[in-house]
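Scroll down for the structure; my scribbles are underneath it.
Protein chains: 6
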Amino acid sequence: MSAISRFPVPALDTLPEDIRNRVAAVHEKAGFVPNVFLALAHRPDEFRAFFAYHDALMEKPGGLTKAEREMIVVATSSANHCHYCVIAHGAVLRIRAKDPLIADQVATNYLNANLTPRQRAMLDFAIAVAMRSHEVNAGDFEALKAHGLTDEDLWDVGAIAALFALSNRMANLMDLKPNEEFYTMGRSGR
Amino acid sequence: MSAISRFPVPALDTLPEDIRNRVAAVHEKAGFVPNVFLALAHRPDEFRAFFAYHDALMEKPGGLTKAEREMIVVATSSANHCHYCVIAHGAVLRIRAKDPLIADQVATNYLNANLTPRQRAMLDFAIAVAMRSHEVNAGDFEALKAHGLTDEDLWDVGAIAALFALSNRMANLMDLKPNEEFYTMGRSGR
Amino acid sequence: MSAISRFPVPALDTLPEDIRNRVAAVHEKAGFVPNVFLALAHRPDEFRAFFAYHDALMEKPGGLTKAEREMIVVATSSANHCHYCVIAHGAVLRIRAKDPLIADQVATNYLNANLTPRQRAMLDFAIAVAMRSHEVNAGDFEALKAHGLTDEDLWDVGAIAALFALSNRMANLMDLKPNEEFYTMGRSGR
Amino acid sequence: MSAISRFPVPALDTLPEDIRNRVAAVHEKAGFVPNVFLALAHRPDEFRAFFAYHDALMEKPGGLTKAEREMIVVATSSANHCHYCVIAHGAVLRIRAKDPLIADQVATNYLNANLTPRQRAMLDFAIAVAMRSHEVNAGDFEALKAHGLTDEDLWDVGAIAALFALSNRMANLMDLKPNEEFYTMGRSGR
Amino acid sequence: MSAISRFPVPALDTLPEDIRNRVAAVHEKAGFVPNVFLALAHRPDEFRAFFAYHDALMEKPGGLTKAEREMIVVATSSANHCHYCVIAHGAVLRIRAKDPLIADQVATNYLNANLTPRQRAMLDFAIAVAMRSHEVNAGDFEALKAHGLTDEDLWDVGAIAALFALSNRMANLMDLKPNEEFYTMGRSGR
Amino acid sequence: MSAISRFPVPALDTLPEDIRNRVAAVHEKAGFVPNVFLALAHRPDEFRAFFAYHDALMEKPGGLTKAEREMIVVATSSANHCHYCVIAHGAVLRIRAKDPLIADQVATNYLNANLTPRQRAMLDFAIAVAMRSHEVNAGDFEALKAHGLTDEDLWDVGAIAALFALSNRMANLMDLKPNEEFYTMGRSGR
């Protein structure tokens, strides 16, 4: 039991080299190690699979901007009441969107956030996948295509919502605490 | 658009070699290729991440029997109304548990299925993670430890529920259809 | 307390003659006595009223095929998580529809089952009656009439959903267990 | 389409004799013909089955007083937002309980109605059967037995909730309107 | 603890003069003192603010008739299961609408009450504000304007729903009991 | 229609003097005018009643600290997805609690926020009043008294939840936008 998770958190120097390298890389980029890297490292194989999935959806090229991907994460993580994901990805959203206000708006009620019609439709679809995926139907696909999204974009929206369905549940299972840095990142200027 | 998914399904011989090998291996073992392998192969990197995560939880040693892991999959997939996962993993559960009746019971209402108290408690926890993970608390952990589960077992229960939260949403997004074989596998004898 | 119900189950030879005859008839037709006949016989007057209601809706001529009536039973019984009704009427549905797959599809998520638009609309209406009957309105009636159903057909759809609202609650109250035969009936060939 | 139902309402003199007699009997007793008798007579076989079921539960001897049975009807009908049943059985409850206030209390929020602990426990059980019967378990049975109810009484409570699950859905399907007389019956004196 | 509230209820002659005057005025007008006046007087400042808010919405001129305002109160109070408000404002609604039946209809299921299309649309909007105000959007405003309501009327509908969101919660917090007089007021004639 | 509300927002110099004074006072204290003051001033009588109610609960002496009162506001406003109230009172909570992290924690999931057991119990009670007040019962009162709260404190907790049930609905009705200042207030140091 540690301060950041209900489960044991390994010491960095006990980790397999590939995981240690990944942690070092994020440390260098962000200036600190986000707690999810340490907490998930308790299970190296799950750590590797999770970040491989994450990179396949969040880092690849595609029709969605990086800010739009983070919006999907924040909206669905808020629907799942995931403390870690809302705070950490809220910070990333502020930075990616260059907008210090957007994350709190999307987290509280994306229905009255300052969004374009395309973004609003994307979040409607993402929330449908997150909360009642068995009702997703051809009509939902058509609604988003009317905003210029392709089938591949729709896979991306749905798959990001699906990946964070997993991520939110793991973070809540671990009672994962966000680093203090995330609360204030990206809040100044615009 | 194909018969088994809303999205394109690649021809086997167009797939990267590692994926082709994985498909060949499951084909040899099961006697057919479960549709999820073909449908997810539309996105090779996501395919690799998904099955790496799957194997890390479903194939590794641990305190849960393989039948118990499949029970968790069937109960949570039913709560998410995931046609593919309930039918396909229902088949695996029948085989792993050597019980032709258990899968339909767990899918319809695990609360009156023929389960041990330990199994019932595991499914209560799995459903909590699947449906309201933000309410999971120390009391839930204690309840399961009273049945002899360890913290590592609890991670497994919760992580399987979390992985299929992803899997159910992807299958529903794709409108994935199960192979006919799954409907009848494991229904004879006990 | 017996193996099939939370309440006492009478011995066949202690039953009133009309009920004994009804049980003998179903035994001859099905090759076994479905447990609901034995469990409800604990209350002969309720047994008679239930099966009179059942026959008035399920056995009479009318605009709905017998397979369509069973679909309504399976879809609404699944929404009510009624173990007995999903398993027993799932078997009857497979036989009436001459389709070994349809029952599991309708039970898991009728929204992606292999249905005609008319069948899909009928199940939408049946689920509305089952789960939020106070919201049923003229618009719902019009939607079904556009599929060629008459007012009398709509009564049938709604009344079957209503009768199994009763039946599902009685089965869950009794913790009624389905006969093993039902799990596999109608699963071969098509 | 008539003023009292979405479906045709037969003229009294066109009805089968047994139904006409039943209608005449209730007319004589109540001073008017409750609309449910006319509306259900559109389907004579269903009329007969419904009232046979009704009498088997509401008119027979047993451990529950007639006022308690009506409380169950009013509480569960209110949970189902059944206009006809709340108004008509509210009237009967006022008369049976000799209490002009109890029906409106039970209909609005039985949790703060003026009830004995036994009555409150009975309504908790009835609401459980009405709204989430698949979760009813041995603990619920024990809770009521602590108030002196027998297994047979529990069948009665659950079966009344189940019968009105049917009745509420039929009344909502028909958009059945209560007779004006019901609104004021039993409101004076106590 | 008193018979009408979970909290202390002050004696009339201990109240500040303005509150005593207000109580005397309602006593003279109604012929009795509605219990909410006594129970809220436990906190004089809150009493004053509540009735100031009440009068600003319920007594002022405006596009809604007084009967329409009471309909909004009864429909939203019923959705919140507020015993006091449904009974007390049901009485006022009967009187204001000169209709002895309307209050019970609106309380049980406004969707099949005897309403004009304008009234039905107003209650749809009021219930939206009461139960899921974060989803209220421009489309809801347009729907009501099509019935002739102005923006100011819409503020009134929403604000009455909002005020009784407060009032219902206070009454439920206090377990406030309605005066017996309310149950029968306005039930005769029409 | 203005940038901050769906309804007209009056110019400051057109307001009645008492309201202008109140606005001037908050302007001097906060350094800016919170938008709720301008938007509610569209209806001066409702403005006066709202702030009178607000002051009666939020500014008076009592057993709850001012930080605890703001916690109740943030937790219940988040449950109601009220953009304005979560952002504005989140800022006040950070300042009153001298804790830059607490508001985001309480808004996302108070169940894993960094709270004392007393604060956690208070929020459980506040959420019960906010979301299902008709179920609040003597057991809930006892649970909080075990943490040292008095009946008067419980009135305060419940009444604050009730007042913001109103406030959240008004803000959502108006689509009220928070001032940018609120997003960052109180985020530095601790």
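Read top to bottom, the protein sequences are chains A, B, C, D, E and F.
Residue numbering for the first sequence follows our numbering, beginning at 1 and increasing consecutively.
Residue numbering for the second sequence follows our numbering, beginning at 1001 and increasing consecutively.
Residue numbering for the third sequence follows our numbering, beginning at 2001 and increasing consecutively.
Residue numbering for the fourth sequence follows our numbering, beginning at 3001 and increasing consecutively.
Residue numbering for the fifth sequence follows our numbering, beginning at 4001 and increasing consecutively.
Residue numbering for the sixth sequence follows our numbering, beginning at 5001 and increasing consecutively.
Positions of the beta carbon are idealized from the N, C-alpha and C atoms, including for glycine.
In this text, all values refer to a predicted model and were calculated from it rather than measured experimentally.
Considered as a whole, the region 11-66 of chain A harbours 17-30, 35-40, 44-58 as its complete alpha helix (DSSP H) runs of no fewer than 4 residues, in chain order. DSSP places HIS2081(C) outside both helix and strand once states are collapsed to three, so it counts as coil.
Against chain B, the CB of HIS134(A) has a partner CB under 7 Å away; the residue lies at that interface. Not a single CB atom of chain B sits nearer than 7 Å to the CB of ASN5114(F). In this chain, the alpha helix (DSSP H) harbouring VAL4157(E) covers 4151-4174. Chain D has no Cβ within less than 7 Å of the Cβ of ASN1080(B). In this structure, ASN4168(E) is the residue among ASN4168(E), ALA4138(E), THR4014(E) with its C-alpha nearest to the C-alpha of MET5131(F). Selection ARG5022(F), PHE5051(F), ALA5024(F), ALA5107(F) evaluated against VAL5074(F) yields ALA5107(F) as nearest (Cα-Cα). When C-beta distances to chain C are compared with 9 Å, every residue of the region 1003-1022 of chain B stays at or above that value. At a cut-off of 7 Å between beta carbons, ILE1087(B) contacts chain C. Contact between LEU3149(D) and GLY3063(D) is confirmed by a C-beta separation of about 7 Å, below the 8 Å threshold.
At a cut-off of 7 Å between beta-carbon atoms, ASP140(A) makes no contact with chain B. Pairing ALA4103(E) with GLU4070(E), the inter-Cα distance amounts to about 9 Å. Annotated three-state conformation of ARG5118(F) is helix, per DSSP. In terms of CA proximity to PHE3050(D), MET3170(D) leads the group MET3170(D), LYS3145(D), HIS3083(D), LEU3115(D). Bounds of the alpha helix (DSSP H) holding ASN2109(C) are 2102-2109.
If you compare the alpha carbons of PRO1061(B), ALA1067(B), LEU1015(B) with that of GLY1186(B), the shortest gap goes to ALA1067(B). Taking a beta-carbon distance threshold of 7 Å, ARG1187(B) does not count as an interface residue toward chain A.
With a threshold of 7 Å between beta carbons, TYR53(A) makes contact with chain B. Ranked by how close their Cα comes to the Cα of ILE4072(E), the residues GLU4180(E), PRO4034(E), ARG4120(E) have ARG4120(E) in first place. Distance check between VAL3086(D) and each of GLN4105(E), CYS4082(E), HIS4081(E) places GLN4105(E) closest, using alpha-carbon atoms only. Not flagged as an interface residue toward chain F: LEU38(A), since no C-beta distance is shorter than 7 Å. Excluding five sequence positions before and after ARG2048(C), the CB atoms of its chain that fall closer than 8 Å to its own CB belong to ASP2018, ILE2019, given in chain order. Against chain F, the beta carbon of ALA4107(E) has no neighbour under 8 Å; the closest one sits roughly 14 Å away. Nearest in C-alpha terms to VAL4157(E), of all of PRO4016(E), MET4122(E), ASN4021(E), GLU4046(E), is MET4122(E). Under the 7 Å criterion on CB atoms, ALA2165(C) is classed as interfacial with respect to chain D. Sorting TYR2183(C), THR2184(C), ASN2179(C) by C-alpha distance to the C-alpha of ILE2004(C) places ASN2179(C) at the top.
Residues of chain C whose Cβ lies closer than 9 Å to the Cβ of ASP1175(B) are, in chain order, ASN2112. In the structure shown, ASP4124(E) falls within a helical segment according to DSSP collapsed to helix, strand and coil. For ARG2096(C), the CB contacts under 7 Å within the same chain, skipping 5 residues up- and downstream, are LYS2066, ALA2067, GLU2070 in chain order. Burial state of PRO5034(F) is buried, judged by a 10 Å Cβ sphere holding 16 or more other Cβ atoms. The DSSP-derived three-state label of MET4131(E) is helix. By the criterion of a C-beta distance shorter than 7 Å, ARG5006(F) is surrounded in its chain by MET5174, ASP5175, once the five residues flanking it on both sides are discounted.
Note that the C-beta distance between HIS83(A) and ASN5114(F) is not below 7 Å. Around the beta carbon of THR4116(E), fewer than 16 other beta carbons sit within 10 angstroms, so the residue counts as exposed.
At a cut-off of 7 Å between beta-carbon atoms, ASP104(A) makes contact with chain F.
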